[in-house]
Amino acid sequence: MGRLLLVLIALFLAASVPLVRADDLSTKDIVISLDPHTSKTVATRSFKRGITVQPGTAQDGPPSVNLYVNFAFDSAQLTSDGEITLDKLGKALLDPRLQQFSFLIAGHTDAKGTDQYNQGLSERRATAVRNYLMDRYGIAPARLESKGFGRTRLLDPQHPEDGINRRVQIVTLNGDPSQTNN
902 MGRLLLVLIA LFLAASVPLV RADDLSTKDI VISLDPHTSK TVATRSFKRG ITVQPGTAQD
962 GPPSVNLYVN FAFDSAQLTS DGEITLDKLG KALLDPRLQQ FSFLIAGHTD AKGTDQYNQG
1022 LSERRATAVR NYLMDRYGIA PARLESKGFG RTRLLDPQHP EDGINRRVQI VTLNGDPSQT
1082 NN
């Protein structure tokens, strides 16, 4: 129960982190965004579609990053673009600065379709991301937790059917530097 509460609090606090395109972020950017020791020092950057990226900080929640991860239409099958995004993420998670942390992979959909359908799709997609990272990069299963949120946490509630709401959010779960084994 305590872990679930931690996950829910982390997601609530990290929900304000805007979405970025895979080709806009480097592996280094992802490491900096997810590392509790450095995430608060990253400057705000503007990206395509006028989106601003501000990684989570101690004041607004755990370190996190929202990524576009492309899937085949209406499925959890990754596209080649989706794999490129996850390759950057996989390399970042292998970085020594992130080795001590575990992460939540949160799947989100837009508001098209029923609640039940979107919930299932977001769960399958979050699981597909987790499996890809474990299979391709050997990330330990204990470091990755996947959860689908369907359309319950829209990034842009003013435009619920906009594609910006379809995303994968990576949240550092145990990001308190005082609890690490440096």
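Each residue of the sequence shown is one higher than the one before, starting from 902 at the first, in this note's numbering.
The beta carbon of each residue, even a glycine, is placed where N, CA and C say it ideally should be.
(1) Roughly how many angstroms separate the alpha carbons of Asp936 and Ile1071, rounded to a whole number?
(2) Does the separation of the CB atoms of Tyr1033 and Gly991 fall below 9 Å?
(3) Can you list, in chain order, the residues of its chain with a C-beta nearer than 7 Å to that of Thr980? Leave out the 5 residues immediately preceding and following it.
(4) By the 10 Å Cβ neighbour count, where 16 or more other Cβ atoms means buried, how is Ala1041 classified, buried or exposed?
(5) Among residues of its own chain, excluding the 5 on either side of Ala977, which ones have a beta-carbon nearer than 6 Å to its beta-carbon?
(6) With DSSP run on the structure shown, which of helix, strand or coil describes Thr1073?
(7) Determine the closest residue to Thr986 out of Gly1049, Leu1056, Leu1074, Arg1037, with distance taken between C-alpha atoms.
(8) If I measure Cβ to Cβ from Asn1075 and keep anything under 7 Å in the same chain, skipping five residues before and after, which residues do I get?
(9) From the DSSP secondary-structure annotation, give me the bridge partner or partners of Arg1068.
(10) Give me the Cα-Cα distance between Gln1020 and Ala1012, rounded to the nearest whole angstrom.
(11) Quick check on Glu1024: does DSSP put it in helix, strand or coil?
(12) Secondary structure at Ser940, three-state DSSP: helix, strand or coil?
(13) Just how far apart, CA to CA, sit Met1035 and Lys989?
(14) For the alpha helix (DSSP H) containing Glu984, list its first residue and its last residue.
(15) The beta strand (DSSP E) spanning Val966 covers which residue range?
(16) Excluding sequence positions up to five away, which residues of its chain have a Cβ less than 6 Å from the Cβ of Asp930?
Once the coordinates are examined:
(1) Along the sequence shown, read from residue 1 onward, the residue named residue 936 stands at position 35. Along the sequence shown, read from residue 1 onward, the residue named residue 1071 stands at position 170. Near 12 Å, if we compare the C-alpha coordinates of Ile1071 and Asp936.
(2) For the purposes of this step, residue 1033 is taken as residue 132 along the sequence shown, with counting starting at 1. For the purposes of this step, residue 991 is taken as residue 90 along the sequence shown, with counting starting at 1. Result yes, Cβ atoms of Tyr1033 and Gly991 sit closer than 9 Å.
(3) Within the sequence shown, the letter at position 79 stands for residue 980. So the qualifying residues of the chain are Asn971, Phe972, Ala973.
(4) Counted from its first residue, the sequence shown places residue 1041 at position 140. Exposed, because fewer than 16 other Cβ atoms sit within 10 Å of the Cβ of Ala1041.
(5) As a first step, residue 977 is located in the sequence shown; it is residue number 76 there, counting from the start. The answer, listed in chain order, is Arg1025, Arg1026, Ala1029.
(6) Along the sequence shown, one-based indexing puts residue 1073 at 172. Reduced to three states, the DSSP call for Thr1073 is strand.
(7) Here residue 986 is taken as the residue at index 85 of the sequence shown, counted from 1. Here the closest residue by C-alpha is Arg1037.
(8) Position 174 of the sequence shown, counted from the first residue, corresponds to residue 1075. Phe1002, Ser1003, listed in sequence order.
(9) Here the question's residue 1068 lines up with position 167 in the sequence shown. In DSSP, Arg1068 forms a bridge with His1009.
(10) Reading the sequence shown from its first residue, position 119 is the one you call residue 1020. Reading the sequence shown from its first residue, position 111 is the one you call residue 1012. If I take the Cα positions, the gap works out to 11 Å.
(11) Taking the first residue of the sequence shown as 1, we reach residue 1024 at position 123. Helix.
(12) As a first step, residue 940 must be located in the sequence shown, where it is residue number 39. Helix at Ser940.
(13) Indexing the sequence shown from 1 puts residue 1035 at position 134. Indexing the sequence shown from 1 puts residue 989 at position 88. C-alpha separation (whole angstroms): 14 Å.
(14) For the purposes of this step, residue 984 is identified with residue 83 of the sequence shown, where counting begins at 1. Taken as a continuous stretch (DSSP letters only), the alpha helix (DSSP H) holding Glu984 covers 981 to 995.
(15) Sequence index remark: in the sequence shown, residue 966 carries index 65 (1-based). In the DSSP annotation of this structure, the continuous segment of the beta strand (DSSP E) that includes Val966 starts and ends at 965 to 968.
(16) In the sequence shown, residue 930 corresponds to position 29, counting from 1. Nothing meets the Cβ criterion.
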